[in-house]
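Okay, structure first, notes after.
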Amino acid sequence: MREGVEDVDALEIRHLAYRYADGTEALRDVSFSVAEGDRVGLIGPNGAGKSTLLWHLNGLLPDHPAREAAVRVFGTPVAEPHLPAIRAQVGLLFQDPDDQLFCPTVWEDVAFGPQQLGRQGPELSARVRDALQRVGLAGFEDRHPSRLSHGEKRRVCLAGLLACEARILALDEPSSGLDPRGRRELVGLLKTLPVTQIIATHDLELVVEVCPRVVVLDGGVVVAEGPTVQILNDEALMLAHGLERPHILRHRHPH
Amino acid sequence: MHHGLSDPYQPGSSPVHRLAPAVKLAAASGFVFAVVLLPRGTWPAYAAAALALVAAAAASRVPLRRLGARLLVVEPFALGVAGLSLLQRGGVVVFLALLAKSTLCLASIVLLGATTRFSDILQTLARLRVPSLLVTTLALLYRYLYVLVEEMGRMHRARRSRTFVRGRWFAWRSSATVIGHLFLRTSERAERIYAAMCARGWKT
């Protein structure tokens with residue numbers, strides 16, 4: 000799947016606009032790109048368009064793709080007929096884990112993605128085992144998803160993406176509903192994953208810890224973009240967009 | 000978070016639990032077919048079927064009370080169907096026969112559910128080449144029944160915590176609102192689930 004060209008961005012978004020069927024304008028002229036291996040935080044107030052943007056990375060929106068795709072993944076436009084390949088490369092973590100865990104058991108759920116990719120037998124089992132181990136849920140294979148705590152559900156969802164070996168992870172509020180230990184483990188896991196990540200979240204401390212770069216979205220527009228510490232230290236900017244300077248930076252000198 | 004719906008499966012290591020799901024599935028469907036085909040009013044045959052079922056239940060070591068409680072939950076449906084036959088002439092015999100037969104069938108399915116994981120039944124169905132659309136639908140039904148009941152419980156509690164008056168009319172009206180909301184939420188959720196399936200490579 001590699002393009003062979005080193006300077007192709009993992010993710011390239013150009014003039015992305017989206018309006019919901021009821022007329023709500025969710026995204027207006029959004030442009031930015033993410034280099035391979037980068038970890039980018041996507042922050043902004045509620046209703047800024049973060050989730051809508053992530054859905055575009057997987058071709059789940061718009062319902063009727065434009066002729067000229069605004070999003071490119073490793074140079075490939077997110078549009079038919081490339082959608083299956085795109086979805087195999089971009090792992091999307093949904094905001095509500097109950098939407099994402101649709102199989103009767105944990106094992107089947109984690110195996111769902113790789114199975115669609117044609118994996119089976121011992122290779123499939125190894126992938127599932129490995130993915131569950133990485134999120135700290137070894138031994139949960141036979142559990143029923145509705146019997147899990149919110150944090151466990153989230154980790155199963157993440158395991159489902161890891162098992163697909165996606166090259167880009169698009170995570171929607173990955174730390175919401177996690178207890179402090181679960182959150183700490185998530186931060187540790189995200190920092191060690193050698194894949195491109197785009198993380199939409201209100202958890203600004205997580206952004207500081209995990210993402211060197213940040214994109215601020217408000218009202219469907221990119222209002223700021225740059226190094227995380229610099230942007231999040233800009234108190235006026237933060238307050239103007241329903242955010243705040245995280246505590247973790249207050250005890251740290253910007254340079 | 001606790002919710003009202005308990006899993007029909009009763010974990011255990013009895014011989015019945017350890018039987019292959021396919022065998023149990025075949026036995027249960029065979030039993031149902033046999034009972035349905037029994038002529039009306041052959042009471043000794045009904046008794047024999049009941050005896051076989053009780054023996055299987057005893058071998059499964061699932062507490063009979065639990066099985067009975069499960070059976071009671073579905074019994075009203077059998078009662079309703081059988082009740083219709085009371086309207087015809089000589090309907091009492093038909094009623095009793097129908098009630099006995101459907102109770103036997105339901106009891107065998109209750110026993111199957113108590114001794115076999117639903118996910119195993121689904122996998123067996125898939126291996127038997129039952130259309131995958133049907134198996135997927137059953138799997139989603141099983142999965143989201145719990146989510147739905149949980150959601151309903153949450154909404155109901157939230158309503159109650161803000162209800163300060165007592166009154167049947169008010170309670171009915173607020174239940175209606177909860178059901179309406181649940182319907183909306185469910186259809187929105189269905190869309191997100193479908194999106195999540197597509198995101199992980201589901202092919203239509």
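Those protein sequences? They're chains V and P, same order as listed. Per numbering that gives the first Met the number 0, the very first residue in the first sequence carries number 0; after that it's consecutive. Per numbering that gives the first Met the number 0, the very first residue in the second sequence carries number 0; after that it's consecutive. Even for Gly, the Cβ is constructed at its ideal location relative to N, Cα and C.
| Item | Value |
| --- | --- |
| Please report the distance separating the alpha-carbon of H155/P from that of S174/P. | 8 Å |
| In angstroms, rounded to a whole number, what distance separates the CA positions of V70/V and A239/V? | 28 Å |
| Throw me the rounded Cβ distance for the R142/P and P103/V pair, which I believe falls under 8 Å. | 6 Å |
| Run through the stretch 92-173 of chain P for me and flag every whole alpha helix (DSSP H) of 4 or more residues, listed as ranges in chain order. | 117-126, 131-160 |
| Under the DSSP definition of a beta bridge, which residues are partnered with L263/V? | Residue 263/V lies beyond the range of chain V shown here (0 to 254); nothing can be said about it. |
| Ends of the alpha helix (DSSP H) at F32/P? | 20-36 |
| In the DSSP assignment, what residue or residues form a beta bridge with R38/V? | Q196/V |
| Over what stretch of residues does the alpha helix (DSSP H) that includes H246/V continue unbroken? | 246-249 |
| Could you check how far apart the C-beta atoms of L168/V and L160/V are, in whole angstroms? I think they sit under 8 Å. | 6 Å |
| Over the uninterrupted beta strand (DSSP E) stretch that includes S32/V, give me the two end residues. | 24-33 |
| Okay, do the stretch 97-104 of chain P and the stretch 70-88 of chain P touch, 3+ Cβ pairs below 8 Å being the bar? | yes |
| Determine, for P144/V, whether the minimum Cβ-Cβ distance to residues of chain P falls below 8 Å. | yes |
| Please list the terminal residues of the continuous alpha helix (DSSP H) segment that includes A158/V. | 149-161 |
| What does L139/P reach in chain V if we use C-beta pairs closer than 7 Å? | F101 |
| Alpha carbon to alpha carbon, what distance is there between V220/V and L242/V? | 15 Å |
| For D6/P, which of helix, strand or coil comes out of DSSP? | coil |
| Near A198/P, which residues of its chain fall below 7 Å by C-beta distance, leaving aside the five closest residues on each side in sequence? | none |
| Beta strand (DSSP E) containing L184/V: first to last residue? | The sequence given here has Glu at residue 184/V, not Leu. Careful: E184/V lies outside any beta strand (DSSP E), inside the alpha helix (DSSP H) at 179-191. |
| Which of the three DSSP states is assigned to P226/V in this structure? | strand |
| Under 8 Å between the Cβ atoms of G200/P and R133/V? | no |
| What does DSSP give as the partner residues of N217/V in its beta bridges? | A small correction: the amino acid at residue 217/V is Asp; Asn does not occupy that position in the sequence shown. In DSSP, D217/V forms a bridge with V220/V. |
| Locate the alpha helix (DSSP H) running through E204/V, then write down its first and last residues. | 203-209 |
| If we define contact as Cβ-Cβ less than 8 Å, is R24/P a contact residue for chain V? | Looking at the sequence shown, residue 24/P is not Arg but Leu. For L24/P, the answer is no, since every Cβ of chain V falls outside 8 Å of its Cβ. |
| Tell me where the beta strand (DSSP E) around V109/V begins and ends. | Premise fails: V109/V lies in the alpha helix (DSSP H), 105-115, not in any beta strand (DSSP E). |
| In three-state terms, what does DSSP make of T75/V? | strand |
| Between Y45/P and chain V, is there a C-beta pair that is closer than 8 Å? | no |
| Of the residues L50/P, Y193/P, P7/P, G166/P, which one's Cα is nearest the Cα of T136/P? | Y193/P |
| State the Cα-Cα distance for the pair V7/V and L41/V, rounded to the nearest angstrom. | 21 Å |
| What residues from chain P crowd round L131/V, counting only those whose CB sits closer than 9 Å? | Result: empty, since nearest Cβ-Cβ is about 16 Å, beyond 9 Å. |
| Note down, in chain order, every chain V residue with its Cβ under 8 Å from the Cβ of V146/P. | D97, S145 |
| Opposite R18/V in the DSSP bridges: which residues? | E24/V |
| I'd like to know whether the C-beta of A20/V is nearer than 8 Å to at least one C-beta of chain P. | no |
| Using a Cβ-Cβ cut-off of less than 7 Å, give me the residues of the stretch 63-91 of chain V that come near chain P, in sequence order. | P83, R86, A87, L91 |
| Considering only the alpha carbon of each residue, which of S13/P, L110/P, G29/P, V93/P lies closest to V53/P? | L110/P |
| Does any C-beta atom of chain V lie closer than 8 Å to the C-beta of G200/P? | yes |
| Residues of chain V with CB closer than 7 Å to the CB of I192/P, please, in chain order. | D98, F101 |
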